[in-house]
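For this note's numbering, add 2 to where a residue sits in the sequence shown, where the first one is 1.
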Amino acid sequence: MEQRPRIDGHTLLAGVIGWPVAHSRSPLMHNFWLEKSGVNGVYVPLPVAPGQFETAVHGLRAAGFRGVNVTIPHKEAAYRIVDRLDRSAERSGSVNTLVFAENGTIEGYSTDGDGFVANVEAHGIEVAGGRALLLGAGGAARAIAASLLDRGVKVIVANRTRARAQVLAASLDGIELIDWEQAGQALPSCTLLVNTTSIGMEGVAGGAFPFSLEQASPDLVVCDIVYVPRQTALLEQAAARGLRTVDGLGMLIHQAGEGFRKWFGAVPDMGPEVEALLDADL
Ligand code: ATR
């Protein structure tokens with residue numbers, strides 16, 4: 003019979019706060035890693051209604067939780083509640099991971115950007131020193147831009163609404179802007195193309211990229227952070243041209259792995275099993 007994890011007075015606790023939160027795949031990943039690494043811990047979904055976030059966080063901290071992930075609609079509240087913003091959170095302007103430190107303080111991290119880079123590098127692709135065309139200017143774009151800039155990547159942003167791209171560029175030094183309609187002009191000189199827009203996402207109607215990959219250099223790596231479907235039209239087009247592609251599922255896994263390390267002090271198993279587990283659940 004399968005051995006169930008023992009829950010006792012030493013069990014380490016973490017979870018994900020959201021509303022709703024039942025759809026979150028985080029418990030699947032973290033509990034898989036806990037079992038794999040032999041850590042006595044559990045990771046639970048925590049449905050917390052709007053307005054209850056602060057009460058919940060202080061309660062969880064008082065109850066001995068190591069920390070939590072924070073998802074919609076609490077991300078702004080998470081940014082406000084922390085005692086210390088990690089550089090990743092400051093640079094990305096968002097917090098998705100809280101760590102309840104032993105001295106009683108709440109630390110806020112953003113793991114999206116580093117999760118993105120870790121995933122690309124896990125595919126054997128070196129991002130440092132490259133040139134990236136980043137499509138979109140939302141929260142995910144800012145986190146990814148910050149991590150790429152930190153690695154010496156030249157970042158060029160194109161967004162349908164230029165004013166929003168300008169806000170992003172004003173928040174991080176070193177971003178270059180290009181008009182959405184002109185984005186294709188940047189392609190021949192880029193090593194990385196990153197879609198952070200919702201174009202191609204299941205259930206999102208319409209939307210098209212203003213370029214064809216015909217313009218791309220043969221060395222371009224095409225990344226999509228959309229993971230439903232895993233194989234987006236953009237990635238299919240890229241693969242058909244013989245370009246290397248990186249889909250969004252790995253970023254989801256790697257950004258979760260960053261939190262796992264912080265709470266549980268163990269290295270998450272990034273092998274193919276966790277990807278298969280999630281893939282089966284999509
Ligand atoms: P997130 O925080 O997850 O990045 P978001 O803040 O909702 O998500 O941002 C979505 C991004 O997708 C934006 O850059 C948005 O462009 P606008 O700023 O012009 O709204 C982009 N986007 C969504 N639908 C699009 C479409 N049909 N064509 C082009 N860009 C689109």
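Yeah, the Cβ is synthetic: ideal placement off N, Cα and C, and Gly gets one too.
Asked: Do G209 and ligand 1 come close, with the Cβ less than 7 Å from some heavy atom?; Found: yes
Asked: Could you give the distance in angstroms between the alpha-carbon of R86 and the alpha-carbon of T107?; Found: 8 Å
Asked: State the Cα-Cα distance for the pair A282 and H32, rounded to the nearest angstrom.; Found: 16 Å
Asked: Could you round the C-beta distance between P220 and A185 to whole angstroms and report it? I think they count as a contact, below 8 Å.; Found: That belief does not hold up - the Cβ atoms of P220 and A185 are roughly 19 Å apart, past 8 Å.
Asked: May I ask you to check if the CB of G141 is nearer than 7 Å to at least one heavy atom of ligand 1?; Found: yes
Asked: Quick one: Cα of P49 to Cα of T57, how far?; Found: 13 Å
Asked: Hey, could you find the ends of the beta strand (DSSP E) R246 is sitting in?; Found: R246 to V248
Asked: Taking Cβ to Cβ, would you say V206 is nearer than 8 Å to C225?; Found: no
Asked: When the Cβ atoms of the stretch 133-144 are set against those of the stretch 192-199, are three or more pairs found closer than 8 Å?; Found: yes
Asked: Classify N121 as helix, strand or coil using the three-state DSSP reduction.; Found: helix
Asked: Counting pairs of beta carbons, one from the stretch 65-81 and one from the stretch 121-128, are three or more of them closer than 8 Å?; Found: no
Asked: Grab me the residues of R164's own chain with a C-beta within less than 8 Å of its C-beta, minus the 5 sequence neighbours each way, in chain order.; Found: L179, D181 and W182
Asked: Rounded to the nearest angstrom, what separates L151 and G115 at their Cα positions?; Found: 10 Å
Asked: Distance, Cα to Cα, G297 vs V230?; Found: An answer regarding residue 297 cannot be provided, because it is not within the stretch 3 to 284 covered by the chain.
Asked: Is N121 near ligand 1, going by C-beta to nearest heavy atom under 7 Å?; Found: no
Asked: So who's on the other strand from K156, going by DSSP bridges?; Found: R133
Asked: Taking buried to mean at least 16 other C-beta atoms within 10 Å of its own C-beta, is R68 buried or exposed?; Found: buried
Asked: With the cut-off set at 8 Å, would you say D88 and G66 are in Cβ contact?; Found: no
Asked: Given this structure, state the Cα-to-Cα distance separating Q54 from G20, to the nearest angstrom.; Found: 11 Å
Asked: Would you decide whether E260 is buried or exposed? Buried here means 16 or more other CB atoms lie within 10 Å of its CB.; Found: buried
Asked: Taking the runs of the alpha helix (DSSP H) that are 4 residues or longer, which of them lie wholly in the stretch 49-85?; Found: 55-64 and 77-83
Asked: With respect to 7 Å, is the separation between the Cβ of G138 and the closest non-hydrogen atom of ligand 1 below this value?; Found: yes
Asked: Rounded C-beta distance between V97 and S112? I'm assuming under 8 Å.; Found: 6 Å
Asked: Suppose the cutoff is 8 Å on Cβ atoms and the five residues either side in sequence are ignored; what does the same chain contact list for A24 look like?; Found: P47 and P49
Asked: Can you name the start and end residues of the beta strand (DSSP E) that D181 belongs to?; Found: Unbroken run through D181: none, as it is neither H nor E.
Asked: Using the DSSP secondary-structure output, state which residues sit across from T99 in a beta bridge.; Found: N71 and Y111
Asked: Could you please give the first and the last residue of the uninterrupted alpha helix (DSSP H) stretch that includes A139?; Found: A139 -> no alpha helix (DSSP H), and no H or E assigned at all.
Asked: Given a threshold of 16 other Cβ atoms within 10 Å of its Cβ, counted over all protein chains shown, does I146 qualify as buried or as exposed?; Found: buried
Asked: Can you tell which of V59, T198 and W35 has its C-alpha closest to the C-alpha of R263?; Found: W35
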